[in-house]
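Taking it in order: structure first as structure tokens, then the write-up.
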Amino acid sequence: MRKGKKYITLMKTSVQQTIAYRSNFFISIMVTALLFISSFFLWKSVFASKNMVSDYTWESMRAYLLVAFICNTLLSWYSESSISRKILDGSVAMDLTKPFDFYFARLAETIGSSLFEALVILIVSISLVLGLNIPLPGHISTWCFFLISVVLALIIKFEIVYLFSMFVFTTTSYMGIQWSRAAITNLLSGGLIPLTFFPEGFSNVLNQLPFSYIVSIPASIFLNQAELSTIPGVFLKEIIWVVTLFALGKLSFAVNIRKITINGG
10 MRKGKKYITL
20 MKTSVQQTIA
30 YRSNFFISIM
40 VTALLFISSF
50 FLWKSVFASK
60 NMVSDYTWES
70 MRAYLLVAFI
80 CNTLLSWYSE
90 SSISRKILDG
100 SVAMDLTKPF
110 DFYFARLAET
120 IGSSLFEALV
130 ILIVSISLVL
140 GLNIPLPGHI
150 STWCFFLISV
160 VLALIIKFEI
170 VYLFSMFVFT
180 TTSYMGIQWS
190 RAAITNLLSG
200 GLIPLTFFPE
210 GFSNVLNQLP
220 FSYIVSIPAS
230 IFLNQAELST
240 IPGVFLKEII
250 WVVTLFALGK
260 LSFAVNIRKI
270 TINGG
């Protein structure tokens, strides 16, 4: 119970820090918004000469781009870099003396910052829906499943970020790692183009990886491409990935922190 209160305190502190340093987040959301706008007009030009591209109409593509924007913006660069900075500047050693788990402390901070980020994303998303006439789901069940998928997507994205952050233990910079992580995630999650645009065999492989749950799966639910009867099974697979990535993250941290301890760091 006491540990739970400590993590809640970390969440509150993270919200306050995100608001205090909100310029970092707004820069991040502006970059993502520019990516959305460029993708929007690119696909608009494609659909100007075609009614359908790989099972997507211009209407459904606009909705897909909205979901990609939402999922890509949650967990900003500020949240991601805070984990790497703790490792790079050595403050991770101080965290080990505190009465909480390093992984769960970072997760609590990420959730806290995401609460503020979600509010801003909601306002921007409503503006995009109204300004660009983006269609929305009409059933409450679709919205419920979509919101669950977004929450799980945030957790999986955090775990992937956490795993990539472990590479900072062996380097003197984290920007290259962050850019590499972002490029890989955007490509394999469907953040750049829908996974169905890839060759079928490759697309099937990508759909089994954890990256697909960040954008592709939430988008398929939002667009009613996934049958409601199959969604619980999809969530079960996603939870299995959450547990697997959690175990890999804990193992990676234990190995890297042990090296530092042995070397006297």
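Our numbering applies: residue 10 is where the sequence shown begins, and numbers increase by one.
Cβ coordinates follow ideal geometry from the N, Cα and C atoms, glycine included.
Nothing here was measured: the structure is a model prediction, and the numbers come from that model.
Just to confirm before moving on: does the CB-CB distance between K96 and I165 stay below 8 Å?
Looking up residue 96 in the sequence shown gives position 87. Looking up residue 165 in the sequence shown gives position 156. For clarity, residue 96 is Ile in the given sequence; the question names Lys instead. Against a cut-off of 8 Å, the Cβ pair of I165 and I96 comes out as no contact.
W80 and A162 look like a contact to me (Cβ under 8 Å); what is the Cβ gap, rounded to whole Å?
Taking the sequence shown and counting its residues from 1, one reaches residue 80 at position 71. Taking the sequence shown and counting its residues from 1, one reaches residue 162 at position 153. The question names Trp, but residue 80 is Cys in the sequence shown. Confirmed, about 5 Å.
Output yes or no for whether 8 Å exceeds the beta carbon distance between E118 and G258.
Looking up residue 118 in the sequence shown gives position 109. Looking up residue 258 in the sequence shown gives position 249. Going by C-beta atoms, E118 is not nearer than 8 Å to G258.
Taking just the CA atoms, how far does L19 sit from A127?
Counted from its first residue, the sequence shown places residue 127 at position 118. Counted from its first residue, the sequence shown places residue 19 at position 10. Cα to Cα, A127 sits roughly 18 Å from L19.
Where are the alpha helix (DSSP H) runs, 4 residues long or more, that stay fully inside the region 86-143, in chain order?
86-97, 100-104, 111-141
Measuring only from the beta carbon, is S123 closer than 7 Å to any heavy atom that is part of the ligand COA?
As far as ligands go, the structure on display features none, and thus does not contain the ligand COA.
W188, buried or exposed, once every other Cβ within 10 Å from all chains shown has been counted against 16:
Position 179 of the sequence shown, counting from 1, holds the residue named residue 188. Per the 10 Å Cβ criterion, exposed.
Nearest-angstrom Cα separation, counted from M103 out to I17
Indexing the sequence shown from 1 puts residue 17 at position 8. Indexing the sequence shown from 1 puts residue 103 at position 94. Each residue's alpha carbon lies about 20 Å from the other.
Outcome for A72 when other beta-carbon atoms lying within 10 angstroms are tallied against a minimum of 16
Along the sequence shown, one-based indexing puts residue 72 at 63. When all chains shown are included, A72 counts as buried.
Take every Cβ of the region 128-144, pair it with every Cβ of the region 63-78, and state whether three or more of those distances are shorter than 8 Å.
yes
Of the listed residues F154, I36, L124, nearest to L232 (C-alpha basis):
Against the sequence shown, residue 232 aligns to sequence position 223. Here the closest residue by C-alpha is F154.
Considering only their Cβ atoms, is the gap separating N213 from S225 smaller than 8 Å?
Position 216 of the sequence shown, counted from the first residue, corresponds to residue 225. Position 204 of the sequence shown, counted from the first residue, corresponds to residue 213. Cβ atoms of S225 and N213: not closer than 8 Å.
Comparing alpha-carbon positions, which option in S93, T181, G199, F206 lies nearest V62?
Residue mapping note: residue 62 aligns to position 53 of the sequence shown, counting from 1. Per the Cα distances, F206.
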